[in-house]
Amino acid sequence: MSEHRFATHCIHAGQSPDPTTGAIMTPVYMTSTFVQSSPGVFKDGYDYARSKNPTRTALETNLATLEGARHGMSFSSGLGAMDCVLHILKSGDHVVLSDDVYGGSFRILDKIFRHQGITCTRVDMTDAAAVKAAVTPRTRILWLETPSNPMLKVIDIAAMAAIVTTLPGAGSPGGAFDPANITLHRPILVVDNTFASPYLQNPLALGADVVLHSCTKYIGGHSDVVGGALMTSDDALAQRLRFVQNAAGAVPGPMDCFMLLRSTKTLHVRMQRHCENAMKIAAWLTKHPKVEKVIYPGLESHPQHALAKKQMRAFGGMISVVVKGGLEASKKMLERVHLFSLAESLGGVESLIEHPAIMTHASIPAEARAKLGIVDGFVRLSVGIEDADDLIADLERALG
3 MSEHRFATHC
13 IHAGQSPDPT
23 TGAIMTPVYM
33 TSTFVQSSPG
43 VFKDGYDYAR
53 SKNPTRTALE
63 TNLATLEGAR
73 HGMSFSSGLG
83 AMDCVLHILK
93 SGDHVVLSDD
103 VYGGSFRILD
113 KIFRHQGITC
123 TRVDMTDAAA
133 VKAAVTPRTR
143 ILWLETPSNP
153 MLKVIDIAAM
163 AAIVTTLPGA
173 GSPGGAFDPA
183 NITLHRPILV
193 VDNTFASPYL
203 QNPLALGADV
213 VLHSCTKYIG
223 GHSDVVGGAL
233 MTSDDALAQR
243 LRFVQNAAGA
253 VPGPMDCFML
263 LRSTKTLHVR
273 MQRHCENAMK
283 IAAWLTKHPK
293 VEKVIYPGLE
303 SHPQHALAKK
313 QMRAFGGMIS
323 VVVKGGLEAS
333 KKMLERVHLF
343 SLAESLGGVE
353 SLIEHPAIMT
363 HASIPAEARA
373 KLGIVDGFVR
383 LSVGIEDADD
393 LIADLERALG
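Add 2 to the 1-based position in the sequence shown for the working numbering, that's all there is to it.
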């Protein structure tokens, strides 16, 4: 189906009508095991559902197609996907991490893998010189989000990919797969594409080695399922990741896979509306007397606006603002909204609003939050697909 365009892939990739019944929707294969015709002989690689499930196969094919990848792997959460990547590191390896990432991404490196001997340096990846300075001979991963969470920094993926090619061991072959040694054979660039979704940008086409999604967000899109995914076109890397996926077992159930397949069918139309609404609301917020600052890649005031225009197809549904009056004023605003729901997460059809310092980024040290600009008046909006004028009226009420 490679000749088709994105919207067609959303609806059809990986999802042929069921050959048994002709059902147009992929069946939910609620089974833990599969019958073998002879010991070790099973059909299409299906022997045990942790390793492989037909509903999951359809989802993984769909997501890989949307990202232009040869291989897709799905997980029970975005952090489950991140955990899989980090498990192909070994003690002494080093990660250069974007300074502005989801709090849970920082937490898993700082509180879990640090105790396994994995070191991490946080750096502003909008500054290529700073990234180069942070690299060590043991650096094996450059890890970034773009747009980032919650400062909405836009990072030049192609520039980061170029840096990876200069690292020791870059370009070396993956080597024959050996289950006794699953560690990385070369440095890689991992891009968390959650905020953009495959609709807005495809990091593999810009030089990334692995793309990660929290499918809970835009891919799921309905605030009713938790999931994660990894995509890559590197065969040797895919073998290692699939080994960990099966060995660690953080896989989604078939019903979760079915729900995500239901959601990707509308990803293109949902993302279009998210972007249109966010652009209108961001422009309105810039004129509001009680708003000190608006951060949105679609505004010319955004420091990486030109890069966003070049790297993304549109600017996304996330807006960050600083409300005048600090914590007291921002708390009052969050308590007064009606259409915007005060809740963590993002990317659903309904609009959400939250306070990163207290909620999603509480695990980031206070001094690090302050350095990034996550101040007491900082509020993050996930703009849904409701009528934009109704959302503006809701914010006007809350700010008033």
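Even for Gly, the Cβ is constructed at its ideal location relative to N, Cα and C.
Give the DSSP-derived three-state secondary structure of residue i in the structure shown.
{"i": "Thr128", "result": "coil"}
{"i": "Gly327", "result": "coil"}
{"i": "Lys92", "result": "coil"}
{"i": "Tyr201", "result": "helix"}
{"i": "Met3", "result": "Per-residue confidence for Met3 stands at a pLDDT of 46, beneath the threshold of 50, marking its modelled position as unreliable; no derived number is given."}
{"i": "Asn248", "result": "helix"}
{"i": "Phe108", "result": "helix"}
{"i": "Lys356", "result": "The amino acid occupying residue 356 in the given sequence is Glu; Lys does not appear at that position. Correct three-state label for Glu356: strand."}
{"i": "Arg68", "result": "Before going on, a small fix: residue 68 reads as Leu here, not Arg. Correct three-state label for Leu68: helix."}
{"i": "Leu374", "result": "helix"}
{"i": "Thr46", "result": "A quick correction: the sequence has Asp, not Thr, at residue 46. In this structure, Asp46 counts as helix in the three-state DSSP scheme."}
{"i": "Cys217", "result": "coil"}
{"i": "Ile321", "result": "strand"}
{"i": "Asp85", "result": "helix"}
{"i": "Leu344", "result": "strand"}
{"i": "Val137", "result": "coil"}
{"i": "Asp180", "result": "strand"}
{"i": "Val97", "result": "strand"}
{"i": "Thr123", "result": "strand"}
Hey, would you say residue i sits closer than 9 Å to residue j, going by beta carbons?
{"i": "Gly119", "j": "Leu81", "result": "no"}
{"i": "Leu154", "j": "Gly386", "result": "no"}
{"i": "Thr148", "j": "Pro305", "result": "no"}
{"i": "Val324", "j": "Val381", "result": "yes"}
{"i": "Val213", "j": "Ala71", "result": "yes"}
{"i": "Val125", "j": "Val166", "result": "no"}
{"i": "Tyr298", "j": "Ser322", "result": "yes"}
{"i": "Gly94", "j": "Arg140", "result": "yes"}
{"i": "His96", "j": "Arg58", "result": "no"}
{"i": "Leu383", "j": "Phe342", "result": "yes"}
{"i": "Val482", "j": "Leu169", "result": "Nothing about residue 482 can be read from this structure; the chain reaches only from 3 to 402."}
{"i": "Ala60", "j": "Leu263", "result": "yes"}
{"i": "Tyr31", "j": "Asn64", "result": "no"}
{"i": "Met320", "j": "Leu348", "result": "yes"}
{"i": "Pro175", "j": "Ala238", "result": "yes"}
Excluding the 5 residues preceding and the 5 following residue i in the sequence, name in chain order all residues of the same chain whose CB lies nearer than 6 Å to its CB.
{"i": "Met261", "result": "Val227"}
{"i": "Asp2", "result": "Residue coverage of the chain in this structure runs from 3 to 402, which leaves residue 2 outside it and unanswerable."}
{"i": "His340", "result": "Asp396"}
{"i": "His117", "result": "none"}
{"i": "Met162", "result": "Leu144, Leu191"}
{"i": "Asn279", "result": "Val385, Ala390"}
{"i": "Phe77", "result": "Ala83, Gly230, Ala252"}
{"i": "Ala132", "result": "Val125, Asp126"}
{"i": "Thr121", "result": "His96"}
{"i": "Ser216", "result": "Gly80, Thr196, Gly230"}
{"i": "Glu352", "result": "Gly386"}
If you follow the alpha helix (DSSP H) that residue i is part of, which residue opens it and which one closes it?
{"i": "Leu393", "result": "390–401"}
{"i": "Ile13", "result": "8–14"}
{"i": "Ser174", "result": "Unbroken run through Ser174: none, as it is neither H nor E."}
{"i": "Met257", "result": "256–266"}
{"i": "Met153", "result": "Taken as a continuous stretch (DSSP letters only), Met153 belongs to no alpha helix (DSSP H), as it is neither H nor E."}
{"i": "His307", "result": "307–313"}
Need the endpoints of the beta strand (DSSP E) that residue i sits in, please.
{"i": "Arg142", "result": "141–147"}
{"i": "Lys282", "result": "Where Lys282 is concerned, there is no enclosing beta strand (DSSP E), although the alpha helix (DSSP H) it sits in stretches over 269–287."}
{"i": "Ala231", "result": "230–234"}
{"i": "Leu383", "result": "380–384"}
{"i": "Glu302", "result": "Unbroken run through Glu302: none, as it is neither H nor E."}
{"i": "Ile190", "result": "190–194"}
{"i": "Ser76", "result": "73–77"}
{"i": "Val296", "result": "293–297"}
For residue i, collect the residues of the same chain with a Cβ closer than 7 Å to its Cβ; drop the 5 residues on either side in sequence, then sort them by chain order.
{"i": "Lys282", "result": "Ala390"}
{"i": "Met84", "result": "Ser107, Ile110, Leu214"}
{"i": "Pro19", "result": "Ala25, Ile26"}
{"i": "Glu346", "result": "Glu356, Met361, Thr362"}
{"i": "Asp159", "result": "It should be pointed out that residue 159 corresponds to Ile in this sequence rather than to Asp. Counting only Cβ-Cβ distances below 7 Å, and skipping sequence neighbours, we find Thr148, Val193, Pro205, Leu208, Gly209, Ala210, Gln313."}
{"i": "Asp392", "result": "Leu341"}
{"i": "Ala359", "result": "Arg371, Ile376, Asp378, Phe380"}
Residues in the same chain with beta-carbon distance under 8 Å from residue i, minus the five sequence neighbours each way, listed in chain order, please.
{"i": "Met3", "result": "Reliability of the predicted coordinates at Met3 is poor, the pLDDT of 46 falling under 50, and the value obtained from them is presented with this limitation in mind. If we look at Met3 and ignore the five residues flanking it on each side, its Cβ neighbours are Thr10, His11, His14, Ala15, Thr67."}
{"i": "Gly379", "result": "Glu294, Val324, Val325, Lys326, Gly327, Gly328, Leu329, Ala331, Ser332"}
Cβ of residue i versus every heavy atom of the ligand HEM: is any distance shorter than 8 Å?
{"i": "Ile184", "result": "The ligand content of the structure shown is nil, which means the ligand HEM is not present either."}
Would you call the segment 190–206 and the segment 243–255 touching, i.e. three or more CB-CB distances under 8 Å? no
Please determine if the segment 184–198 and the segment 322–338 are in contact, where contact requires at least 3 C-beta pairs separated by less than 8 Å.
no
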